[in-house]
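As structure tokens, the structure follows; a few thoughts come after it.
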Amino acid sequence: SSNVFSNFEQTQIQEFKEAFTLMDQNRDGFIDKEDLKDTYASLGKTNVKDEELDAMLREASGPINFTMFLNLFGEKLTGTDTEETILNAFKMLDPDGKGSIHKEYIKRLLMSQADKMTATEVDQMFQF
Numbered sequence: 072s073s074n075v076f077s078n079f080e081q082t083q084i085q086e087f088k089e090a091f092t093l094m095d096q097n098r099d100g101f102i103d104k105e106d107l108k109d110t111y112a113s114l115g116k117t118n119v120k121d122e123e124l125d126a127m128l129r130e131a132s133g134p135i136n137f138t139m140f141l142n143l144f145g146e147k148l149t150g151t152d153t154e155e156t157i158l159n160a161f162k163m164l165d166p167d168g169k170g171s172i173h174k175e176y177i178k179r180l181l182m183s184q185a186d187k188m189t190a191t192e193v194d195q196m197f198q199f
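Quick note: the sequence shown uses the working numbering, first residue 72, plus one each step.
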């Protein structure tokens, strides 16, 4: 990915820049372990293990500046569904168009369809 910026629309780049800026807590232009810790803490998650943070940082081939951040997201988003596809899936789950889906309905689907999840797995998914 010689020019990672060409992989995204301008609006997407702006959204990623906002996310990067939020995560770069110390404003040094790089996301490091302390930035990740602080970001998780701001989301109310204070029990993240150092090993988890180290694993996240190892996904990058070097220091995580904005370009590296885009590269990482580009790799993660390759093959993901478009926003339209995702919205259509939600519309199928919300046929009345109320703008919400009941947790119990989703739980029932996740536990009974395709790769069935356990009640514990579904509950863990809803915790964050």
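We treat Cβ as the ideally placed atom computed from N, Cα and C, and that holds for glycine.
Item	Value
D152 burial status per 10 Å Cβ neighbour count (16 or more: buried)	exposed
Segment contact, 8 Å Cβ cut-off, at least three pairs: the stretch 132-146 with the stretch 83-92	yes
At least 3 beta-carbon pairs within less than 8 Å: the stretch 73-85 vs the stretch 121-129	no
Cross-strand partners of I202 (DSSP beta bridge)	Look at the range of the chain in this structure, 72 to 199, and you will see that residue 202 is not part of it.
S113 - DSSP class collapsed to helix/strand/coil	helix
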